[in-house]
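Trainee: Protein chains in written order, with the numbering used here: chain A, 1 to 238; chain B, 1 to 265. Don't be surprised by glycine CBs; every beta carbon is placed ideally from N, CA and C.
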Amino acid sequence: MTETPHIASSFDREIEALLARLVLMSGLVETALTDSAAALESLDTAAATRIVDQDAAIDSLDEQINFEAAGIIARRGPTARDLRLILAVMRASAALERVGDLAKNVAKRTLPLSQIRQVEGATGTIRRMARLVAVMLEEAMRALVRKDAALAADVRGRDVDIDQIYNTLFRSLLTHMLENQANITPAMHLHFIAKNIERAGDHATSIAEQAIYLATGDLPDDERPKADSTLQAANPRT
Amino acid sequence: MNAMQTPVIDTATLQPRITAQDVQVYYGSNHALRDVSVDILDRTTTAFIGPSGCGKSTFLRCLNRMNDTVATARVEGRITLDGQDIYDKRVDPVQLRARVGMVFQKPNPFPKSIYDNVAYGPRIHGLTRSRAELDEVVEKSLRRAALWDEVKDRLSAPGTGLSGGQQQRLCIARAVATGPEVLLMDEPCSALDPIATAQVEALIDELREQFSVVIVTHSMQQAARVSQKTAFFHLGNLVEYGDTTQIFTNPGDPRTESYITGRIG
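#1: What do you get for Val118 of chain B, buried or exposed, if any count of 16 or more other CB atoms within 10 angstroms of its CB means buried?
#2: Do the CB positions of Val145 of chain A and Leu19 of chain A come within less than 8 angstroms of each other?
#3: In this structure, does DSSP put Gly27 of chain A in helix, strand or coil?
#4: Check each candidate in A:Asp82, A:Ile7 and A:Asp62 and name the one with the smallest Cα separation from Thr216 of chain A.
#5: Quick one: what does DSSP say Lys229 of chain B is sitting in, helix, strand or coil?
#6: Any idea if Pro186 of chain A is buried or exposed, counting beta-carbon neighbours within 10 angstroms, 16 or more meaning buried?
#7: Can you tell me where the beta strand (DSSP E) with Tyr27 of chain B in it begins and where it stops?
#8: Is there a Cβ of chain B sitting closer than 8 angstroms to that of Ile73 of chain A, yes or no?
#9: Taking DSSP as the reference, what is the three-state secondary structure of Asn117 of chain B?
#10: State yes or no: is the beta carbon of Ser258 of chain B nearer than 8 angstroms to at least one beta carbon in chain A?
#11: Could you name the residues of the segment 198-212 of chain A whose beta carbon sits closer than 7 angstroms to any beta carbon of chain B, in the order they occur along the chain?
#12: State the start and end residues of the unbroken alpha helix (DSSP H) segment that holds Leu96 of chain A.
#13: May I have a chain-ordered list of the alpha helix (DSSP H) segments no shorter than 4 residues that lie completely inside the segment 40-104 of chain B?
#14: So which residues of chain A does Thr261 of chain B contact, with C-beta pairs closer than 8 angstroms?
#15: What distance in whole Å lies between the Cβ atoms of Val89 of chain A and Ile65 of chain A, which are believed to be in contact at a cut-off of 8 angstroms?
#16: Residues of chain A with CB closer than 7 angstroms to the CB of Phe248 of chain B, please, in chain order.
#17: Mind listing, in chain order, the continuous alpha helix (DSSP H) runs of no fewer than 4 residues lying wholly within the segment 107-184 of chain A?
#18: Could you tell me whether the Cβ of Ile51 of chain B comes closer than 8 angstroms to any Cβ of chain A?
#19: Roughly how many angstroms separate the alpha carbons of Ala32 of chain A and His191 of chain A, rounded to a whole number?
#20: Do Leu169 of chain A and Ala200 of chain A have their C-beta atoms within less than 8 angstroms of each other?
#21: Find the residues of chain B that neighbour Gly217 of chain A, judging by a C-beta separation of less than 8 angstroms, and give them in chain order.
#22: Tell me Asp243 of chain B's beta-bridge partners as DSSP assigns them.
#23: Just mark Phe211 of chain B as buried or exposed, buried being the case when its beta carbon has 16 or more other beta carbons within 10 Å.
#24: Given a threshold of 16 other Cβ atoms within 10 Å of its Cβ, counted over all protein chains shown, does Asn2 of chain B qualify as buried or as exposed?
#25: What residue does the beta strand (DSSP E) around Ser60 of chain A start on, and which one ends it?
#26: May I ask you to report which of helix, strand or coil DSSP gives His31 of chain B?
#27: Answer yes or no: does any C-beta atom of chain E fall closer than 8 angstroms to that of Gln221 of chain B?
#28: Please determine, among A:Ile162, A:Phe11, A:Val52 and A:Glu139, the residue with the shortest C-alpha to C-alpha distance to Leu85 of chain A.
#29: Measure from the C-beta of Phe11 of chain A to each C-beta in chain B and report whether the shortest distance is under 8 angstroms.
#30: Using 8 angstroms as the cut-off, can you tell me whether the segment 147-163 of chain A makes contact with the segment 128-139 of chain A, which would need three or more C-beta pairs spanning the two stretches below that distance?
#31: Val273 of chain B: which of B:Ile18, B:Ala145, B:Val239 and B:Leu60 sits nearest, CA to CA?
#32: Put Asp305 of chain B into one of helix, strand or coil per three-state DSSP.
#33: Do His176 of chain A and Pro112 of chain A have their CB atoms nearer than 8 angstroms?
#34: Between Leu40 of chain A and Val106 of chain A, which are expected to be in contact by the criterion C-beta below 8 angstroms, what is the C-beta distance as a whole number of angstroms?
#35: Do Ile172 of chain B and Ala47 of chain B have their C-beta atoms closer together than 8 angstroms?
And the structure:
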């Protein structure tokens, strides 16, 4: 760490241990997200089951992070950037835990999907979307650890891309359902999956916002860029 | 009132009680305090923080001319209380100290009864005309200091026989008995246990509703809890003055940040 150390060096060690745990957690979450999308594309039910089982490890890290953060607050009474760091870590941990749950849900839906008819093209798009979100997560975490507000702002701006992919997929799934009723069940599952990944993108963005808060002391006050146009889409043919 | 709860006060609407402009303090040839300019707002608790020897107590003692008692001390610049220059030759420091009261680090009750400790100020300043009026001031001051219920049946007992926390509240009662406009507190809780500290902090918050309180403290947590404004002193300079919440969550100066987060800086 290049920052001036605390007079109590054990404080620095506690903060480093907390950050290390968060980085470990984000690695597991990124893997769960990309692996769940890959398992969906290849309809690999064994891999999907593994992802569902591994979510417990992510939840447990979230619990440990909250426990340690509470301990630091109680022992150290952190102020200024130390306080912002603890708050940012707790919020980031909560966001990562949610992404873990979303990836688990993607994996769970792979199991019924493997039993029924397929909807063409969707899973490839979902895998690309998941990969983009995983990169956003990784870079939001890097921005948080390095207190890099510029990188965080860049990540935050990329949520629009995820929204646009989701919009396109939404319309395509709607078209499939209108064309053939037999597509409704798989398309509904795929839509929930796409929505999960779009939500994971929102969580990556919120981690980026925490990185901005940590680095600057302020949350960005401008409205975050949004491109979800599905609210207007009543019927893709109209 | 819960002392742990920071009251929401819009300090932007409050008037300055004390205004300091370009204050310099020298102890002999040592330039102990440099170019300090700050407003102490009415009905606000202002915390002075900083490492030992930073000048915060020196500045506090300028505000009621306690530095007059130090032979080598010389104060320059201008300090006004309600617009009046307190270093003007026509100002009697004793009268000034009735308007700007002070509570010290170590409780220092006079070796007199509880009653006489509180009655001392009103008596020497001739603030009351009858014994009944004095009784009233003593009771009111002890109530304000949240000590009345504990001592009302033994007002003639010596003040020095009270517990540390009670003695400090007695000193606060003594300070508020003269009806001051500003109360200066120099580390008022450093000799107290956490319970007495919480009581004094709750008291500070109540007193703040009537006048200005200025507190010097080495406890960051205490400054964050009790004050609405914080001033950080370092090496004889006033480095940063601002809203307490801002100072403790997002200070503007890297020296403030280093100090309050416990870093070498």
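Mentor: Based on what the coordinates show:
#1: buried
#2: yes
#3: helix
#4: A:Asp82
#5: strand
#6: buried
#7: Pro16 to Tyr27
#8: no
#9: helix
#10: yes
#11: none
#12: Ala80 to Leu113
#13: 56-62 and 93-99
#14: His6, Pro78, Thr79, Ala80, Arg81 and Asp82
#15: 7 angstroms
#16: Thr79 and Ala80
#17: 122-146, 149-157 and 159-179
#18: A small fix is needed here, since residue 51 of chain B is Pro in this sequence, not Ile. For Pro51 of chain B, the answer is no, since every Cβ of chain A falls outside 8 angstroms of its Cβ.
#19: 19 angstroms
#20: no
#21: Thr249 and Asn250
#22: B:Lys229
#23: buried
#24: Low confidence applies here, because Asn2 of chain B scores a pLDDT of 44, under 50, leaving its location unreliable and the question unanswered by this model.
#25: Per DSSP, Ser60 of chain A belongs to no beta strand (DSSP E); it is in the alpha helix (DSSP H), Thr45 to Arg76.
#26: strand
#27: Here the protein chains are A and B, and chain E is not one of them.
#28: A:Phe11
#29: yes
#30: yes
#31: In the structure displayed, chain B extends from 1 to 265; residue 273 of chain B sits before or after that span and is not available.
#32: Within the shown structure, residues of chain B are numbered from 1 to 265, placing residue 305 of chain B beyond reach of any answer.
#33: no
#34: 6 angstroms
#35: no
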